[in-house]
Amino acid sequence: MSLTGLFVPLITPFTTGGELAADALAGLAHRVLDAGAAGLVALGTTGEPATLSPEERARVLDVCASVCAERSVPLLAGAGTNCTADSVRALAALDPRVSAALTVVPYYTRPSQPGVVAHFRALAAASPLPLVVYNIPYRTGRTLDTETLREVAEIPNVIGFKHSAGVVDDTTAAFLATHAHRTAILAGDDVLAPALLALGATGAILAAANIAPAQYAGMLAHWHSGRLTEARRTAHQLTPLSSALFAEPNPTVLKTVLTREGHIPSPTVRLPLLPASEASTEAALHALHALEN
């Protein structure tokens, strides 16, 4: 399986009554693939999986897996908690049509660096699917050092990383320097994605691509084809939109914009999230329309 290009972590649309809007989800999936996305991510942070029932999570996976099978593209699915045993069970229960599992670094308990490595060794040994490690320290509370990243990358059945460190620091640069040619490293911070691509990232998982999939897919295509001037120009044009869409907790602004643009039936999110403010929505729409014009 190739982990290159743009993967879109889909939002989970709800009806005005708060129910799962499966038809809208399928429509979003086809829309981003039509625009040039290389694959989809279901039940990532952007999809609000913590607020979904087991039945809803299964339905989301079914919808996304059906679209990906029809389009012959890979599907990544979020699976994993801060409990290794629970994570093993979650991986075993994943829809077999999923291509790889996106597994987060254990959160809240803040294990040691060796504990993180041991966690992923256990998951990789037990998982029926390959793993993409999700490194997002501002959500997990656990920053990984360079040696830990490298050690996890060498575990059999770990095929890549979603790297959302929030900064382009010495650790990120050192990890990419030694492993960009050895494992798939996908940029996970929308604003910082161009910098990671320049350092050798193979692709990106970008929530903002729910809104402007063709433009984000085009940016990655420019990078991979060596059209650096065009890549930088597109990246600079996308920066205001990337920033505006994260002005409030993700995916609240994404959902209000998608609703206003007619792609989903409502901006509904589930508590403890609240819908994005009108000011944030208008700012994001302004950035989107400036990009389109």
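Just so you know, we're using the numbering used here here: the sequence shown kicks off at 1241 and counts up by one. C-beta: ideal position from N, C-alpha, C; glycine also. On a predicted model such as this, the values are computed, not experimentally measured, just so you know.
Which one of the options has the shortest CA to CA distance from residue i?
i: LEU1550; options: VAL1497, ASN1450, VAL1357 and PHE1401; result: A question about residue 1550 goes unanswered here, because the residues of the chain that appear run from 1241 up to 1533.
i: PRO1346; options: ALA1365, THR1321 and VAL1300; result: THR1321
i: ALA1527; options: PHE1486, ASN1490 and ALA1282; result: PHE1486
i: ALA1217; options: LEU1436, GLU1488, GLU1394 and PRO1507; result: Look at the range of the chain in this structure, 1241 to 1533, and you will see that residue 1217 is not part of it.
i: ASN1397; options: THR1418, ALA1424, GLU1387 and ASP1385; result: ALA1424
i: CYS1304; options: ALA1290, THR1285, LEU1273 and ALA1333; result: LEU1273
i: LEU1260; options: THR1508, THR1412 and GLU1488; result: THR1508
i: TYR1378; options: TYR1348, HIS1464, LEU1531 and VAL1356; result: TYR1348
i: ALA1290; options: GLY1267, ALA1405, ALA1319 and ALA1530; result: ALA1319
i: ILE1445; options: THR1474, PRO1489, ALA1362 and VAL1372; result: VAL1372
i: LEU1316; options: SER1306, VAL1307, ALA1282 and THR1286; result: ALA1282
i: THR1285; options: GLN1455, ILE1376, PHE1360 and GLY1258; result: ILE1376
i: ALA1454; options: HIS1270, ALA1266 and LEU1265; result: HIS1270
i: ALA1266; options: THR1256, GLY1257, GLY1258 and VAL1307; result: VAL1307
i: TYR1456; options: GLU1522, THR1469, ASP1430 and LEU1498; result: ASP1430
Per DSSP, residue i forms a beta bridge with which residues?
i: THR1343; result: VAL1373
i: GLY1318; result: LEU1342
i: LEU1246; result: ALA1444
For a quick check, are the C-beta atoms of residue i and residue j less than 9 Å apart?
i: ALA1461; j: GLY1279; result: no
i: PHE1219; j: ARG1510; result: No answer is possible for residue 1219: it lies beyond the span of the chain, which begins at 1241 and ends at 1533.
i: GLY1400; j: LEU1426; result: yes
i: HIS1421; j: GLY1443; result: no
i: ARG1350; j: LEU1301; result: no
i: TYR1374; j: THR1324; result: no
i: MET1459; j: ALA1340; result: no
i: LEU1292; j: THR1244; result: no
i: LEU1334; j: LEU1369; result: yes
i: LEU1494; j: ALA1448; result: yes
i: THR1411; j: LEU1389; result: yes
i: LEU1513; j: GLU1310; result: no
i: GLY1381; j: HIS1403; result: no
i: VAL1407; j: VAL1356; result: no
i: GLU1522; j: ALA1452; result: no
i: ALA1414; j: THR1383; result: no
Answer yes or no: the CB of residue i versus the heavy atoms of the ligand ATP, is any distance below 8 Å?
i: VAL1272; result: Although the ligand ATP was asked about, the structure shown includes no ligands whatsoever.
**Prompt:** Residue ranges of each beta strand (DSSP E) run of no fewer than 3 residues wholly in the region 1383 to 1437, ordered along the chain?
**Reply:** Fully enclosed beta strand (DSSP E) runs of no fewer than 3 residues occupy 1398 to 1403 and 1424 to 1427 of the region 1383 to 1437, in order along the chain.
**Message:** Count Cβ pairs between the region 1501 to 1508 and the region 1471 to 1488 that sit closer than 8 Å; are there 3 or more?
**Reply:** Because the criterion of three Cβ pairs below 8 Å is not met, the region 1501 to 1508 and the region 1471 to 1488 do not touch.
**Request:** For the region 1248 to 1313, list the beta strand (DSSP E) runs that are entirely contained and at least 3 residues long, ordered along the chain.
**Result:** Entirely contained in the region 1248 to 1313, the beta strand (DSSP E) runs reaching 3 residues are, in chain order, 1279 to 1282.
**Prompt:** Looking at C-beta atoms only, is the number of pairs between the region 1323 to 1330 and the region 1292 to 1301 that lie closer than 8 Å three or more?
**Reply:** No, they do not touch.
**Request:** Only counting runs of 3 or more residues, tell me where the beta strand (DSSP E) segments fall wholly within the region 1484 to 1529, in order along the chain.
**Result:** Whole beta strand (DSSP E) segments, 3+ residues: zero.
**Prompt:** Along the chain, which unbroken stretches of the alpha helix (DSSP H) at least 4 residues long are found entirely within the region 1447 to 1480?
**Reply:** Entirely contained in the region 1447 to 1480, the alpha helix (DSSP H) runs reaching 4 residues are, in chain order, 1453 to 1464.
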